[in-house]
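**Q** Numbering of the sequence shown is given in my numbering, commencing with residue 34 and proceeding in unit increments. Sharing a structure here in structure tokens format.
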Amino acid sequence: MATSFPLTDATLSSPRHTTHYWQAGPAGGPLMIFLHGWPEIGLVWAAQMEAFASEGWHCIAPDMRGYGGSSAPTASDAYALKEIVDDMVELHDYLGASPAIWVGHDLGSPVVGALAAHHAERSRGVVFISVPYMPDAFALPNHVPLIDRELYPADQYPDGQWDYYRFYLTHFDQTVTDFDADIPASLAAIYRSGIPDSVGKVYRSAVITRNGGWFGSAHRAPTVMPDAALWPSADFDSLLEAFRVTGFRPGNSWYLNDSTNIDYAHEAPDGGRLRQPVLFLNGNFDGLCDITHNRSGEPMRHACEDITVTSLPSGHWLPLERKVEVIEAMRSWLKTKAL
């Protein structure tokens with residue numbers, strides 16, 4: 034009979050950084066470390082942590098730099114990928130440094146990818162969810178050549194679905210003030226389940242510049258009810274409280290370090306090639322990152338020696354939209370690869 038483990042939280046502080054993290058499972062179990070993306074906190078992984086903890090894994094989910102109870106420096110260059118990877122190296126050392134399964138969603142995926150590339154001995158398997166691995170760095174110049182130009186003609190949509198990324202670079206302060214204007218409404222608007230009808234249509238992230246921001250001339254999110262199918266209400270309340278403290282500036286700052294991140298990627302051994310087993314979980318209705326209707330998965334396929342791709346009927350928020358299916362896909366892959 035599986036043992037149930039409650040989620041508890043702890044904090045690791047060093048002279049350079051403080052990481053708040055959630056944990057579940059036996060302390061002596063094999064490590065499984067879950068890294069969230071934008072705009073999340075470690076609790077986004079609650080369902081997966083509880084499931085794998087009950088199977089004997091020691092599950093860890095930090096609040097990443099700029100989020101929740103972790104350090105949130107003011108300088109934008111503090112959010113360069115190397116700094117974030119170094120945070121995870123510190124945490125991994127503190128946890129005993131045994132090779133772990135690293136799982137990343139959204140902007141957590143570039144972190145687990147860089148960690149696996151630069152510190153291969155720390156990773157015995159990598160799971161990318163929603164955002165595919167890019168060995169040359171998750172950076173706007175690397176996304177543009179992979180855009181589906183039938184859906185996004187270059188003369189109309191030069192940055193395709195990554196137009197929002199361009200807007201962050203050209204109107205950064207506005208992106209922060211617009212999201213911060215009504216944090217509950219912003220988070221409720223961001224977290225919506227994907228819909229099949231969106232496939233093959235221009236995604237909302239492609240028209241941000243044209244509209245003058247995510248929320249247009251209103252400069253604040255419309256009032257909508259949170260999508261109850263995604264966050265459990267208590268966890269959404271925790272997310273909301275975390276963002277009331279930090280606002281969106283720290284999380285949005287992750288996007289401001291393209292050239293530094295590209296340089297860092299090019300320092301990885303063997304061109305960033307991953308030799309560990311890799312699982313990519315793709316959302317079929319993910320208008321930003323789905324790899325089946327464009328070339329965005331090609332760099333990952335070329336850079337990973339042992340890759341499994343599983344597609345699920347979901348939008349971008351896979352760990353929330355398809356909690357059980359994500360667990361089942363990971364469990365199947367772990368068994369197949371004897372991890």
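A virtual CB, placed ideally from N, CA and C, is assigned to each residue, including glycine.
1. Which class does THR208 belong to by DSSP, given the choice of helix, strand or coil?
2. Mapping DSSP to helix, strand and coil, what is SER156?
3. When burial is assigned at 16 or more other CB atoms within 10 Å of the CB, is ALA336 buried or exposed?
4. Got a sec, what are the start and stop residues for the beta strand (DSSP E) GLY141 sits in?
5. Given 8 Å as the limit, is there contact between the region 99-113 and the region 169-177, that is, 3 or more CB pairs closer than that?
6. I'd like the span of the beta strand (DSSP E) that includes GLN309, first residue to last.
7. For GLU88, name the three-state secondary structure that DSSP assigns.
8. Return the chain-ordered list of same chain residues with a C-beta closer than 6 Å to the C-beta of MET34, the five sequence neighbours on each side being excluded.
9. Could you check which residue in LEU179, PRO59, ALA80 and GLY137 has the C-alpha nearest to that of SER329?
10. Using the rule of at least 16 other Cβ atoms within 10 Å of the residue's Cβ for burial, across every protein chain shown, is PRO48 buried or exposed?
11. Going by DSSP in three states, LEU68 sits in which element: helix, strand or coil?
12. Between which two residues does the alpha helix (DSSP H) harbouring GLY284 extend?
13. Determine the DSSP secondary structure at GLY249, reduced to helix, strand or coil.
14. What is the C-beta distance between LEU45 and ILE162, in whole angstroms, given that I count them as a contact (C-beta under 8 Å)?
15. For ALA262, tell me which candidate among VAL278, ALA150, ARG243 and TYR224 has the shortest Cα-Cα distance.
16. Using the C-alpha atoms, what's the distance from LEU307 back to VAL164?
17. Name, in chain order, the residues that DSSP records as bridge partners for LEU45.
18. Distance, Cα to Cα, GLU358 vs ALA84?
19. In its own chain, which residues sit with a C-beta less than 7 Å from the C-beta of SER286, not counting the 5 before and 5 after it?
20. Are there any heavy atoms of the ligand NAD lying less than 6 Å away from the beta-carbon of ALA111, as far as the coordinates show?
21. Which whole-angstrom value describes the C-beta separation of GLY141 and LEU68, a residue pair presumed to lie in contact below a C-beta threshold of 8 Å?
22. Check LYS370 in the structure and name its three-state DSSP category.
23. To the nearest angstrom, how far is it from the Cα of LEU289 to the Cα of LEU367?
24. Using a Cβ-Cβ cutoff of less than 8 Å, which residues in the same chain neighbour THR369 once the five nearest sequence positions on both sides are dropped?
25. Using the Cα positions of PRO143 and LEU114, report the straight-line distance between them to the nearest angstrom.
26. Report the CB separation of ALA57 from PHE38 in whole angstroms; it is logged as a contact under 8 Å.
27. Give me the residue from TYR190, TYR201, ARG277 and LEU173 with the minimum Cα distance to ALA214.
28. What is the residue span of the alpha helix (DSSP H) that LEU353 lies within?
29. Assign ILE93 to buried or exposed, taking buried as 16 or more other Cβ atoms, counted over all protein chains shown, within 10 Å of its Cβ.
30. For a minimum of 4 consecutive residues, which ranges assigned as the alpha helix (DSSP H) are wholly contained in the region 261-304?
31. What did DSSP end up calling GLY75 once you bin it into helix, strand or coil?
32. What does DSSP give as the partner residues of LEU345 in its beta bridges?
33. Would the region 246-262 count as touching the region 180-195 if we require 3 or more Cβ pairs under 8 Å?
34. For PRO95, list the residues DSSP reports as bridge partners.
35. Go through its chain and collect everything with a Cβ distance to PHE212's Cβ below 6 Å, but skip five positions before and after it.
36. Quick check on the burial criterion: 16 or more other C-beta atoms within 10 angstroms. Buried or exposed for GLY348?
**A** Quick answer:
1. Numbered from its first residue, the sequence shown carries residue 208 at position 175. In this structure, THR208 counts as helix in the three-state DSSP scheme.
2. In the sequence shown, the residue the question calls residue 156 occupies position 123. In the three-state reduction of the DSSP assignment, SER156 falls in the strand class.
3. Counted from its first residue, the sequence shown places residue 336 at position 303. By the neighbour-count rule (16 or more Cβ atoms within 10 Å), ALA336 is buried.
4. Here residue 141 refers to the residue found at position 108 when the sequence shown is read from its first residue. Per DSSP, GLY141 lies in no beta strand (DSSP E) segment; the continuous alpha helix (DSSP H) that holds it begins and ends at 141-151.
5. No, the region 99-113 is not in contact with the region 169-177.
6. Position 276 of the sequence shown, counted from the first residue, corresponds to residue 309. GLN309 -> beta strand (DSSP E) spans 307-316.
7. On the sequence shown, position 55 is the one that residue 88 refers to. Looking at GLU88 - three-state DSSP - the assignment turns out to be coil, as it is neither helix nor strand.
8. As a working note, residue 34 is residue 1 in the sequence shown. Caution applies to MET34, whose pLDDT of 49 falls short of 50 and renders its modelled position unreliable; the value that the coordinates give is listed next. The beta carbon of MET34 lies closer than 6 Å to none in the same chain, with the five residues before and after it left out.
9. Looking up residue 329 in the sequence shown gives position 296. Selected option, being the one with the closest Cα: LEU179.
10. Numbered from 1 along the sequence shown, position 15 holds the residue referred to as residue 48. The residue in question, PRO48, is exposed, as its Cβ has fewer than 16 Cβ neighbours within 10 Å.
11. Taking the sequence shown and counting its residues from 1, the one referred to as residue 68 is at position 35. Strand.
12. Reading the sequence shown from its first residue, position 251 is the one you call residue 284. Counted as a single uninterrupted DSSP element, the alpha helix (DSSP H) harbouring GLY284 occupies residues 282-285.
13. Position 216 of the sequence shown, counting from 1, holds the residue named residue 249. Secondary structure at GLY249: helix, using DSSP grouped into helix, strand and coil.
14. Counting from 1 along the sequence shown, the entry for residue 45 is found at position 12. Counting from 1 along the sequence shown, the entry for residue 162 is found at position 129. In fact, because the Cβ distance is near 24 Å, the residues do not count as touching under 8 Å.
15. Residue 262 sits at position 229 when you count from the first residue of the sequence shown. Per the C-alpha coordinates, the member of VAL278, ALA150, ARG243 and TYR224 positioned closest to ALA262 is TYR224.
16. Translated into the one-based positions of the sequence shown, residue 164 becomes position 131. Translated into the one-based positions of the sequence shown, residue 307 becomes position 274. Roughly 16 Å between the two C-alpha positions.
17. Taking the first residue of the sequence shown as 1, we reach residue 45 at position 12. In the DSSP output, where bridge partners are listed per residue, LEU45 has THR52.
18. Indexing the sequence shown from 1 puts residue 358 at position 325. Indexing the sequence shown from 1 puts residue 84 at position 51. So the alpha carbons of these two residues sit roughly 12 Å apart.
19. Here the question's residue 286 lines up with position 253 in the sequence shown. Cβ neighbours of SER286 beyond the five flanking positions: GLY99, SER109 and TYR112.
20. The ligand NAD is not part of the structure shown, which contains no ligands of any sort.
21. For the purposes of this step, residue 141 is identified with residue 108 of the sequence shown, where counting begins at 1. For the purposes of this step, residue 68 is identified with residue 35 of the sequence shown, where counting begins at 1. Right, their Cβ atoms sit about 3 Å apart.
22. Position 337 of the sequence shown, counted from the first residue, corresponds to residue 370. Three-state DSSP puts LYS370 in coil, outside helix and strand.
23. Within the sequence shown, residue 289 is the residue found at index 256, counting from 1. Within the sequence shown, residue 367 is the residue found at index 334, counting from 1. Computed Cα separation, rounded: 35 Å.
24. The count along the sequence shown starts at 1 and reaches residue 369 at position 336. The answer, listed in chain order, is THR341.
25. In the sequence shown, the residue the question calls residue 143 occupies position 110. In the sequence shown, the residue the question calls residue 114 occupies position 81. One C-alpha to the other measures close to 8 Å.
26. On the sequence shown, position 24 is the one that residue 57 refers to. On the sequence shown, position 5 is the one that residue 38 refers to. So it is a contact: roughly 4 Å between Cβ atoms.
27. Taking the sequence shown and counting its residues from 1, the one referred to as residue 214 is at position 181. The closest CA to that of ALA214, considering only TYR190, TYR201, ARG277 and LEU173, is found on ARG277.
28. As a working note, residue 353 is residue 320 in the sequence shown. Taken as a continuous stretch (DSSP letters only), the alpha helix (DSSP H) holding LEU353 covers 351-354.
29. The residue you call residue 93 lines up with position 60 of the sequence shown. Burial call: buried.
30. The qualifying runs are 266-279, 282-285 and 291-298.
31. Sequence index remark: in the sequence shown, residue 75 carries index 42 (1-based). Correct three-state label for GLY75: helix.
32. For the purposes of this step, residue 345 is taken as residue 312 along the sequence shown, with counting starting at 1. Paired residue(s): GLY316.
33. Counting C-beta pairs closer than 8 Å gives fewer than three between the region 246-262 and the region 180-195, which falls short of the contact rule.
34. Residue 95 sits at position 62 when you count from the first residue of the sequence shown. TYR54.
35. Numbered from 1 along the sequence shown, position 179 holds the residue referred to as residue 212. Closer than 6 Å at Cβ, skipping near neighbours: SER219 and PHE281.
36. Within the sequence shown, numbered from 1, the residue matching residue 348 stands at position 315. Label assigned to GLY348: buried.
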